[in-house]
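Participant:
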Amino acid sequence: MADAAGAAALDKKTIEDLATEVKSQFQKSYDAVKEIAEKALADAAKGLTMSTEQKDKTDDALTKMNVLNEQLSTLEQKVLEGAKGEKDVPKTMGEMFVGDDKVKQFLGQANPRGRIDLQAKTTLTSLTTAAGGSVGDAIANTRLPGILPLPQRRMTVRDLLSQGQMDGNTLEYVKETGFTNNAGMVAEAAAKPSSDIQFDLITTSAKVIAHYMKASRQVLSDISQLRSIIDNRLLYGLAYKEESQLLNGDGTGQNLLGIIPQATAYSAPTTIGDMNMFDPMRLAMLQAALAEYPATGHVMHPTDWAVMELTKDSTGRYIIGNPQGTSQPTLWGLPVVATQAIIVRKFLTGAYKLGAQVFDRWTARVEIATENEDDFIKNLVTILAEERVALAVYRPEAFIYGDFDTALAA
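In the numbering used here, the protein residues as written are 1 to 410.
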């Protein structure tokens with residue numbers, strides 16, 4: 001019982017009380033070591049040597065003093081931490097459990113039954129502040145290498161046309177505009193009939209398509225792949241604008257005069273019943289063939305091509321294509337170019353190689369310069385992409401432009 005009472009009394013002692021007691025014991029130990037040291041110095045002055053017993057006694061005294069000194073340092077540190085306030089010291093799960101009001105109320109019952117749930121907040125958090133448990137600065141982000149570019153349209157209209165080079169800014173060509181054929185059967189010694197032919201000089205000019213970006217020398221040096229990304233993006237921008245101009249340019253100002261504004265309007269050469277989207281395409285081929293320009297391809301919007309590919313017959317089978325097939329898009333034996341450069345529900349069928357030609361005065365290129373004085377002193381670089389092209393539509397009747405809705409309603 002005495003031991004239990006002593007333990008209870010010890011539990012009630014504060015850290016400050018324990019520190020005071022240890023400090024008192026350390027002082028006594030220090031005094032004892034000091035006394036031994038003074039006696040040893042006096043004996044040495046008399047020429048006496050220290051006995052083995054005295055050495056052991058001295059070692060024990062020094063060891064005890066060092067242990068007490070370490071204990072005193074530990075207790076003083078705890079006293080100092082306690083002075084800062086308990087709120088700065090994270091509580092253990094056990095301390096939070098026994099201190100919870102719900103737990104105290106439950107244990108205070110005469111016959112406690114049931115269970116108590118204690119939900120504790122996580123001590124460590126992703127915060128980056130100076131508060132305890134803030135470990136956010138140690139979290140490393142996952143960075144994937146490279147740069148993910150935006151999607152790019154596949155350019156295909158230029159590939160349908162004949163290609164050429166030109167000198168100077170002006171492109172001229174002579175086009176036959178009329179032919180009166182009076183060829184006939186002639187009797188002996190009779191006068192031969194005269195036919196007539198007419199020509200017209202067509203003049204067009206090369207147009208510049210260009211744009212640029214600015215970047216600092218530092219960023220071009222620090223991001224190794226940035227220059228190639230800029231070059232590719234600038235060249236893509238030229239091709240994007242060029243494809244739209246080849247089809248839709250209205251010829252005003254610095255615009256090309258495109259194929260569609262010059263094309264012949266679709267007019268069915270014959271009438272058939274129960275029309276679907278495939279029929280106008282075949283009739284457009286016929287219209288071009290009757291103009292002596294057999295078609296070499298079709299251009300339509302991807303949406304219209306998808307509708308045609310998904311068309312089924314009365315038994316539910318696809319009319320063209322196969323969901324598991326890998327064949328190239330074709331229609332009535334001609335390649336189909338699906339591009340967003342043409343409006344939905346419109347189509348352009350024609351003899352592209354014979355009917356038109358694109359001429360390059362400047363092929364697409366990328367140049368870099370720091371010639372501007374302000375850019376030079378600011379370490380800025382101008383990256384310029386440009387091309388200079390001309391379009392010649394030799395035979396407007398070689399191209400048939402139509403509307404699906406109008407064609408199907410006829």
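The beta carbon of each residue, even a glycine, is placed where N, CA and C say it ideally should be.
Source: prediction; values computed, not measured.
Taking the alpha-carbon of Leu160 as reference, which of Asn372, Asp304, Val299, Asp250 has the nearest alpha-carbon?
Facilitator: For the purposes of this step, residue 160 is identified with residue 160 of the sequence shown, where counting begins at 1. For Leu160, the nearest C-alpha among the options comes from Val299.
Participant: Could you give the distance in angstroms between the alpha-carbon of Val157 and the alpha-carbon of Leu246?
Facilitator: The residue you call residue 157 lines up with position 157 of the sequence shown. The residue you call residue 246 lines up with position 246 of the sequence shown. So the alpha carbons of these two residues sit roughly 8 angstroms apart.
Participant: Determine the extent of the beta strand (DSSP E) in which Trp362 is found, giving its start and end residues.
Facilitator: Sequence index remark: in the sequence shown, residue 362 carries index 362 (1-based). Here the beta strand (DSSP E) through Trp362 covers 356-369.
Participant: Is Glu347 buried or exposed, if buried means 16 or more other CB atoms sit within 10 Å of its CB?
Facilitator: Numbered from 1 along the sequence shown, position 347 holds the residue referred to as residue 347. With the sequence shown as reference, residue 347 is identified as Phe, and Glu is not the correct amino acid for it. Burial call: buried.
Participant: Helix, strand or coil for Arg388? Go by DSSP, reduced to three states.
Facilitator: Counting from one through the sequence shown, the residue named residue 388 turns up at place 388. Looking at Arg388 - three-state DSSP - the assignment turns out to be strand.
Participant: What residue from Ala206, Ala183, Leu334 has the CA that sits closest to Gly413's CA?
Facilitator: Residue 413 lies beyond the residue range present for the chain, which begins at 1 and ends at 410; the question has no answer from this structure.
Participant: For Phe376 and Met213, I'd like the C-alpha separation in whole angstroms.
Facilitator: Mapped onto the sequence shown, residue 376 falls at position 376. Mapped onto the sequence shown, residue 213 falls at position 213. Computed Cα separation, rounded: 15 angstroms.
Participant: Are the beta-carbon atoms of Val389 and Asp360 separated by less than 8 angstroms?
Facilitator: What you label residue 389 is simply residue 389 of the sequence shown in a count that begins at 1. What you label residue 360 is simply residue 360 of the sequence shown in a count that begins at 1. The answer is yes: Cβ separation under 8 angstroms.
Participant: Let me know if Arg395 comes out buried or exposed under the rule of 16 or more other beta-carbons within 10 Å of its beta-carbon.
Facilitator: Start at 1 with the first residue of the sequence shown, and residue 395 comes out as number 395. Arg395 should be labelled buried.
Participant: Given Gly237, which residues of its chain have a CB within under 6 angstroms of its CB, disregarding the five upstream and five downstream residues?
Facilitator: For this step, residue 237 is matched to residue 237 along the sequence shown. Result list for Gly237: His211, in chain order.
Participant: Where do the N-terminal and C-terminal ends of the alpha helix (DSSP H) with Glu436 fall, by residue?
Facilitator: Only positions 1 to 410 of the chain appear in the structure, and residue 436 is not among them; the question remains open.
Participant: Got a sec? Which residues, its chain only, sit under 8 angstroms from Gly146 by beta carbon, not counting five neighbours each side?
Facilitator: Within the sequence shown, the letter at position 146 stands for residue 146. Answer for Gly146: Gln225, listed in chain order.
Participant: Grab me the residues of Ile342's own chain with a C-beta within less than 7 angstroms of its C-beta, minus the 5 sequence neighbours each way, in chain order.
Facilitator: Numbered from 1 along the sequence shown, position 342 holds the residue referred to as residue 342. Hits under 7 angstroms: Leu247, Val299, Met300, His301, Leu348.
Participant: Quick one: using the 10 Å Cβ neighbour count with 16 as the cut-off for buried, is Gln105 buried or exposed?
Facilitator: In the sequence shown, counting from the first residue as 1, residue 105 sits at position 105. The residue is exposed, with fewer than 16 neighbouring Cβ atoms inside 10 Å.
Participant: Excluding the 5 residues flanking Glu86 on each side, which residues of the same chain have their C-beta closer than 8 angstroms to its C-beta?
Facilitator: What you label residue 86 is simply residue 86 of the sequence shown in a count that begins at 1. Because Glu86 carries a pLDDT of 48, less than 50, the predicted location of this residue cannot be relied on, and the following value inherits that uncertainty. Nothing listed; no residue qualifies.
Participant: Among Asn379, Val358, Ala385, which residue has its Cα nearest to the Cα of Gly164?
Facilitator: Residue mapping note: residue 164 aligns to position 164 of the sequence shown, counting from 1. Ranking the options by Cα distance to Gly164, first place goes to Val358.
Participant: Compute the distance between the beta-carbons of Leu257 and Ala268, then report whether it is under 8 angstroms.
Facilitator: Numbered from its first residue, the sequence shown carries residue 257 at position 257. Numbered from its first residue, the sequence shown carries residue 268 at position 268. No; because the gap between Cβ atoms is not below 8 angstroms, this pair is not in contact.
Participant: Which first and last residues belong to the alpha helix (DSSP H) in which Gly237 is found?
Facilitator: What you label residue 237 is simply residue 237 of the sequence shown in a count that begins at 1. Unbroken alpha helix (DSSP H) run through Gly237: 226-248.
Participant: Does the Cβ of Ile319 have 16 or more other Cβ atoms within 10 Å, making it buried, or fewer, making it exposed?
Facilitator: Counting from one through the sequence shown, the residue named residue 319 turns up at place 319. Counting Cβ neighbours within 10 Å, Ile319 comes out exposed, since fewer than 16 surround it.
Participant: Quick one, are the C-beta atoms of Ile400 and Thr271 less than 8 angstroms apart?
Facilitator: Position 400 of the sequence shown, counted from the first residue, corresponds to residue 400. Position 271 of the sequence shown, counted from the first residue, corresponds to residue 271. No, these two residues do not count as a Cβ contact at 8 angstroms.
Participant: Inspect the beta-carbon positions of Glu243 and Thr339 and report whether they are closer than 8 angstroms.
Facilitator: The residue labelled residue 243 in the question sits at position 243 within the sequence shown. The residue labelled residue 339 in the question sits at position 339 within the sequence shown. Yes, Cβ-Cβ distance for Glu243 and Thr339 is below 8 angstroms.
Participant: Alpha carbon to alpha carbon, what distance is there between Leu286 and Ala331?
Facilitator: What you label residue 331 is simply residue 331 of the sequence shown in a count that begins at 1. What you label residue 286 is simply residue 286 of the sequence shown in a count that begins at 1. Inspection of the sequence shows that residue 331 is occupied by Leu rather than by Ala. Between Leu331 and Leu286, the C-alpha separation is close to 13 angstroms.
Participant: Is it right to say Asp304 is buried, meaning 16 or more other beta carbons lie within 10 angstroms of its own, or is it exposed?
Facilitator: Here residue 304 refers to the residue found at position 304 when the sequence shown is read from its first residue. Buried, since its Cβ has 16 or more Cβ neighbours within 10 Å.
Participant: Enumerate in chain order the residues of its own chain whose CB-to-CB distance from Ala351 is below 7 angstroms, with the five nearest sequence positions on each side excluded.
Facilitator: Here residue 351 refers to the residue found at position 351 when the sequence shown is read from its first residue. Result list for Ala351: Ala288, Tyr293, Pro294, Ala295, Thr296, Ala398, in chain order.
Participant: Compute the distance between the beta-carbons of Lys64 and Ile36, then report whether it is under 8 angstroms.
Facilitator: For this step, residue 64 is matched to residue 64 along the sequence shown. For this step, residue 36 is matched to residue 36 along the sequence shown. No, the pair does not count as a contact, with Cβ atoms beyond the cut-off.
Participant: Under 6 angstroms Cβ to Cβ from Phe179, same chain only, skipping five residues before and after it: list those, please.
Facilitator: Here residue 179 refers to the residue found at position 179 of the sequence shown. Cβ neighbours of Phe179 beyond the five flanking positions: Ile197.
Participant: On the three-state DSSP scale, how would you describe Tyr293?
Facilitator: Start at 1 with the first residue of the sequence shown, and residue 293 comes out as number 293. If DSSP states are grouped into helix, strand and coil, Tyr293 belongs with coil.
Participant: Measure from the alpha carbon of Ile259 to the alpha carbon of each residue in Gly249, Gly253, Leu171, then state which is nearest.
Facilitator: Looking up residue 259 in the sequence shown gives position 259. Closest by alpha carbon: Gly249.
Participant: If you run the structure through DSSP and keep just helix, strand and coil, what is Thr180?
Facilitator: Taking the first residue of the sequence shown as position 1, residue 180 is located at position 180. The answer is strand: DSSP assigns Thr180 an E or B state.
Participant: Please name the residue, chosen from Ser228, Ala32, Ser216, Asn181, that lies closest to Val366 on a Cα-to-Cα basis.
Facilitator: By 1-based counting over the sequence shown, the position of residue 366 is 366. Out of Ser228, Ala32, Ser216, Asn181, Ser228 has the C-alpha closest to the C-alpha of Val366.
Participant: Is Gln218 helix, strand or coil by DSSP?
Facilitator: Within the sequence shown, numbered from 1, the residue matching residue 218 stands at position 218. It is helical.
Participant: Tell me the start and end of each unbroken beta strand (DSSP E) in the region 265-330 that is at least 3 residues and wholly inside, in chain order.
Facilitator: The region 265-330 contains these whole beta strand (DSSP E) runs: 297-300.
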